[in-house]
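Taking it in order: structure first as structure tokens, then the write-up.
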Ligand SMILES: *Cc1c(COP(=O)(O)O)cnc(C)c1O
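In the numbering used here, the protein residues as written are 28 to 411.
Below you can see the structure in the form of structure tokens.
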């Protein structure tokens, strides 16, 4: 089976993990702050808060920005459910903005139209989460300009996009947002097994996210409402969680981060090679925003169903039967039964729904060989 994504683990990664196991601290030791500093420096952000998943990073980012009951968060329908669920965790409401049909990321025009309508009804969102789908940066400048006009905050869901660039900035520099969020799940660009990180240039937001990661507890007397009654005193000032990353995970992350450039440049090469190999097939290749340089987490094609005698389901099954781990990113979130129960229905986001009917994710990972890639292309050719 050629999987759609796969981690890459070296002896150096294994040694890094084993060293932590033989050290004094398995968690709350020196590796987590070292990993935070390294990621912040790499992406050009002032602060980083490591947590136990990308989902937790989205959750604490929303809470730090004050999202709560009565508030609204907007995101893209074409994303993993976590980008929307984070609003529900906070007791807020979710709505969606349709995608650009060329790049599959949040369409700034659709966003502007929806904002104009929402303003009239006094239902403007507090937070908008653009998603850098497949690792391709969204049109952040346009979305940022709208945030200035309509007064919402931006969290970039950059779970696919560590190593991507936009207008000369690394994704994660937060040049066009308050907070950016990464995931280190094994299929993502680098891995800590499970893990995530929120980065920001705002020291207050960073402090709040760090507190929410660890029970909402502080040891800083100036933040306390009560006099410490001894040197052991700590006070819970927020309702936080245990979302901590372990030192074992952070050590793996640090070791992986050293190979980030190699990971991304190989993914870019393989994507370019797919572009060439697939050029004559009845498929739409992934279009790129000229302002961005994708990290190529995913390579998604669209089947031109009018030119193919098979359904997408048949193509999918035929490739899976041949051991090609094709996948589908994503089922539009608003069509999930959970979200339909909140009132969403088919037809509300037509560009996302059209994309969903045609999309197919081909395998793409750092250690993929050209022979494996040729097998994927031959299998696709055969299936259609
Ligand atoms: C992976 C992913 C997440 C969640 O990250 P986890 O680390 O799995 O919790 C959120 N958003 C997107 C777009 C993702 O791909």
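Each residue gets a CB set at the ideal place from its N, CA and C atoms; glycine is no exception.
| query | result |
| --- | --- |
| Contact between the stretch 105-125 and the stretch 258-273 (3+ Cβ pairs under 8 Å) | no |
| Pairwise C-alpha distance: residue 327 and residue 100 | 27 Å |
| Near ligand 1: residue 161 beta-carbon under 7 Å from a heavy atom | no |
| Residues near residue 207 in its chain [Cβ-Cβ closer than 6 Å; skip 5 each side] | 183, 185, 199, 201 and 226 |
| Nearest residue (CA-CA) to residue 220, options 341, 410, 405 and 40 | 40 |
| C-alpha distance - residue 231 paired with residue 224, whole-angstrom precision | 16 Å |
| Ligand 1 heavy atom lying under 7 Å from the CB of residue 62 | no |
| Coarse secondary structure for residue 275, derived from DSSP in three states | helix |
| Secondary structure of residue 41, DSSP reduced to three states | helix |
| Enclosing alpha helix (DSSP H) for residue 191 [first to last residue] | Here residue 191 belongs to no alpha helix (DSSP H), and DSSP marks it neither H nor E. |
| CB contact check: residue 254 to chain C, cutoff 8 Å | Absent from the structure is chain C; it holds one protein chain and no more. |
| Reference residue 92; option with closest CA among 307, 229 and 410 | 229 |
| Exposure of residue 237, with buried meaning 16 or more beta-carbon neighbours within 10 Å | buried |
| Start and end residues, alpha helix (DSSP H) containing residue 346 | 339-348 |
| C-beta contact flag for residue 412 and residue 391 at 8 Å | There is simply no residue 412 to check, as the chain begins at 28 and stops at 411 in what is shown. |
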